[in-house]
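Peer 1: Attaching a single structure in structure tokens format; questions to follow.
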Amino acid sequence: MTLVHIVLFKFRSDVSEEHRRIFVTELKKLRSLSCVKAGRLLVGGPSVTDPIERSQGFQIALVSYHDNKEALAEYQASDEHHRVTSTYMFPFKEDLVRFDFEVDEEDEHMCQFPLVV
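In the working numbering, the protein residues as written are 212 to 328.
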């Protein structure tokens, strides 16, 4: 089974581009956690949605893959995750949306693509 974790981040208007860049760099380090399935953690932004208003002001997105709910809970409880969110996100956020879902069994094969490193 695969569980997909999606987070959209919106920072306050007074947060610098440099701070957001550091946040992205720090988020990407979380892919090394053993609870992230095969290191599959993507971070991106800014949105290229057209029209941009449909992004509702969200600036950064994270998508990560986990083996199950327990692995996601381990990710959320990790010291590394806590350090990144408490240092670079929570004190500066305007809004955040989180959505997690289990991949249907018939779609599981789509989560098995080979990684090119």
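Even glycine gets a Cβ: it sits at the ideal position worked out from N, Cα and C.
Closest by CA to Gly-255, which one among Leu-241, Val-274, Gln-267, Lys-248?
Peer 2: Looking at the Cα atoms, Val-274 is the closest of the given residues.
Peer 1: Considering only residues of the same chain and omitting the five flanking positions on each side of Thr-260, which have a CB-CB separation below 7 Å?
Peer 2: So the list reads Ser-266, once near-sequence residues are dropped.
Peer 1: Can you say whether Thr-298 is buried or exposed, counting buried as having 16 or more other CB atoms within 10 angstroms of its CB?
Peer 2: Thr-298 comes out exposed.
Peer 1: Hey, how far is the Cα of Val-218 from the Cα of Glu-316?
Peer 2: Cα to Cα, Val-218 sits roughly 23 Å from Glu-316.
Peer 1: With 16 as the cutoff for other CB atoms within 10 Å, does Val-247 come out buried or exposed?
Peer 2: It is buried - the Cβ of Val-247 has at least 16 other Cβ atoms within 10 Å.
Peer 1: Can Val-215 and His-277 be called in contact, C-beta distance under 9 Å?
Peer 2: Cβ atoms of Val-215 and His-277: closer than 9 Å.
Peer 1: Any idea which residues DSSP pairs His-216 with across the strands?
Peer 2: Paired residues: Ser-275, Asp-311.
Peer 1: Would Lys-199 pass as a contact of Glu-228 if the rule is Cβ separation under 9 Å?
Peer 2: There is simply no residue 199 to check, as the chain begins at 212 and stops at 328 in what is shown.
Peer 1: Taking DSSP's pairing of strands, which residues face Lys-221 in a bridge?
Peer 2: DSSP, once it has assigned bridges, lists Asp-306 as partnering Lys-221.
Peer 1: Using the DSSP secondary-structure output, state which residues sit across from Gly-255 in a beta bridge.
Peer 2: Note: Gly-255 sits in a beta bridge opposite Ala-272.
Peer 1: If I measure Cβ to Cβ from His-292 and keep anything under 7 Å in the same chain, skipping five residues before and after, which residues do I get?
Peer 2: Excluding residues within five positions, the ones whose Cβ falls inside 7 Å are Leu-241, Tyr-286.
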